[in-house]
Ligand code: AVI
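Residue numbers (UniProt numbering): 405 to 725.
Right, here's the structure in full:
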């Protein structure tokens, strides 16, 4: 069965640390060096991401929230009575309230996130507000497997994946993930996905390099985390935040650029950096309605309805298996 947040055992934490260590050593040994963005989200990283969402430059969160508020009745109409809402990468679960309010017939909410701190906080805030809803947080890396607690077997499940987190995956991984959700949910299932849209490059770049440096701190936090959890000795201040637009791949990339020639040690292994060498830390793909529909189709989903905001364009897609 699946492990709920409150059951998170030291054993599982150690498994998490082992995976983090393995992936970090592999990423530092690769050329070019690269990390998975999923390791941004320790407690501090999740808090920094929440702070990014408050910056004037980072439009996706407020844009999607406003869009979801306006279309919530249409989304609720697609949710069968008694259904379970399964949210991938739920973080603070702020947008979820819009769906929970619009679809009072939901019987359970299963937020899935890699950050126990973010999940715990979200569950504590939601429970008093929705006393008749079963809130069953699951600490999991949803890229590894999608599971619903056994207690909810047999209920229809609607999956919710807002925030354009789908854009943080390579297209092939995104297809794999959407396919896994479809297999888990079965025929006739609904999947609500938020996907940020291509727009003017200056708007995109500003969103990933805010003037107050919150995104820079978020990017560098992965080095802080490696130092603390994996016994690394990164000189965090000697890495600069870089955000670049890769037009060919339609994505913003984040990198950490070594400002000097230096060596960092992690778990006894030494890694050399030339001045100007980068660690590629994140991709954030930007879609068009057509490119997103094509991605969904590859995973066996059809677009039943779509909504694209005016102003900064952000898309919410209601998919049907
Ligand atoms: C979580 N994810 C959708 C964010 C994004 O926009 O790709 C993460 C982020 N990275 C930098 N700023 C925000």
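Note that CB positions come from ideal geometry on N, CA and C, so glycine has one too.
In the DSSP assignment, residue 648 falls within the beta strand (DSSP E) that extends over 643-650. Judged by DSSP in its simplified three-state form, residue 424 adopts helix. With a cut-off of 8 Å on Cβ pairs, the stretch 541-557 is not in contact with the stretch 472-480, counting fewer than three such pairs. Beta-carbon to beta-carbon, residue 683 and residue 439 are separated by about 6 Å, close enough to satisfy the 8 Å threshold.
Inclusion of residue 456 in the 7 Å shell around the ligand AVI follows from its C-beta lying nearer than that to a non-hydrogen atom of the ligand. When distances are taken from the beta-carbon of residue 658 to the heavy atoms of the ligand AVI, the shortest one is below 7 Å. In this chain, residue 653 is not harboured by any alpha helix (DSSP H), its DSSP state being neither H nor E.
Apart from sequence neighbours up to five positions away, the residues of its chain that approach residue 621 with a beta-carbon distance below 7 Å are 452, ordered along the chain. Distances from the CA of residue 508 to each of 518, 486, 519 were compared; the closest alpha carbon is that of 486.
Of the other Cβ atoms in all chains shown, 16 or more fall within 10 Å of the Cβ of residue 598; this residue is therefore buried. With fewer than three CB-CB distances shorter than 8 Å, the stretch 699-708 does not count as touching the stretch 666-681. Its Cα nearest to that of residue 605, the residue 689 stands out among 719, 500, 689.
Three or more beta-carbon pairs separated by less than 8 Å link the stretch 516-526 to the stretch 441-460, which places the two stretches in contact. In the structure shown, the three-state DSSP call for residue 538 is strand. Counting C-beta pairs with one atom in each stretch, the stretch 527-543 and the stretch 457-466 have fewer than three that are closer than 8 Å, which means they do not touch. Here DSSP, grouped into helix, strand and coil, assigns residue 434 to coil.
In the pairwise beta carbon analysis, the stretch 551-566 is classified as touching the stretch 479-495: at least three pairs are separated by under 8 Å.
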